[in-house]
């Protein structure tokens, strides 16, 4: 076997991600998940500050991924025709993989991010970059409950994934994470983490934590960046000298769990919960509910 650099999200589904973890434990070969923002040290530095109590008890975080697409909408290829020929060197059935077997469809091939058979759209392809940052900073893994909301509000063009979407994740440590996403408007919101003692704001330079009166509690000037080459280099350094991976499979799986729960919530209209005993998502109303932080034993 070989070491792997795997683009985000690590897999299309939760069971596939769990299978990756199982295989990696067998082979002991490294996998770097391609959430390149993890090669910006702002998030590991924030985690250290939070662990040291800079913010007090952390209760909430918010982050976004916003874009404004033109008339064609997200992930459409201008000029693509319904009768576009299949590339001569493409094995269509191999490309479909585990997806339902269908006849050649140029829109499904060239614009695959719009279809749930191959992608999770905004949630898996964009939100994975954002939720992973908060998970790293707040030392989170699997959410307790997740809600996904949105719709095909603007581009009802045959896609079956939303063009505007948002998710809220509740974590056992006793905090919620809100992720806003729209493909219709570029106006964002602050990326921040709220604690009882103060608020940590992520900036282009790193982060700054302030109390309720605006007094600076701590700050960090980042090293690294959201850069694919740096992320590749981190994997190379891991192989050469044991440098810790910035986005290992455990973090990759946790991200896949959160975004798939959000998409399933949107698809079914139900709040989804994480069944810790069976390690799978299920409707939240079928699981034991707690409104309190998980206590460490």
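Numbering (my numbering), first residue to last: 30 to 326.
Note that CB positions come from ideal geometry on N, CA and C, so glycine has one too.
Could you pull the start and end residues of the alpha helix (DSSP H) that residue 295 belongs to?
278-297 is the extent of the alpha helix (DSSP H) around residue 295.
Can you look up residue 309 in the DSSP assignment and give me helix, strand or coil?
In the three-state reduction of the DSSP assignment, residue 309 falls in the strand class, which pools E and B.
The alpha helix (DSSP H) spanning residue 237 covers which residue range?
Looking at the DSSP string, residue 237 is not in any alpha helix (DSSP H); the run it does join, the beta strand (DSSP E), is 235-239.
Identify every residue that forms a DSSP beta bridge with residue 230.
Looking at the DSSP output, residue 230 shares a beta bridge with 221 and 237.
Given this structure, state the Cα-to-Cα distance separating residue 114 from residue 187, to the nearest angstrom.
Looking at the two C-alpha atoms, the distance is approximately 19 Å.
On the DSSP letters alone, give me the boundaries of the alpha helix (DSSP H) that residue 160 sits inside.
In this chain, the alpha helix (DSSP H) harbouring residue 160 covers 157-167.
Alpha carbon of residue 100 to alpha carbon of residue 50, nearest angstrom:
Roughly 41 Å separates the two Cα atoms.
Which of the three DSSP states is assigned to residue 206 in this structure?
Strand at residue 206.
Do residue 227 and residue 246 have their beta-carbon atoms positioned less than 7 Å apart in this structure?
The answer is yes: Cβ separation under 7 Å.
Using the rule of at least 16 other Cβ atoms within 10 Å of the residue's Cβ for burial, across every protein chain shown, is residue 140 buried or exposed?
Buried, by the Cβ-count rule.
Here's the rule: buried if 16 or more other CB atoms are within 10 angstroms of the residue's CB, otherwise exposed. What is residue 60?
Residue burial annotation: residue 60 is buried, with at least 16 other C-beta atoms found within 10 angstroms of its C-beta.
So what does DSSP say about residue 143, is it helix, strand or coil?
The answer is helix: DSSP assigns residue 143 an H, G or I state.
Among 290, 322 and 69, nearest to residue 309 - alpha-carbon criterion:
Here the closest residue by C-alpha is 290.
Run of the beta strand (DSSP E) containing residue 93, from where it starts to where it stops
87-95 is the extent of the beta strand (DSSP E) around residue 93.
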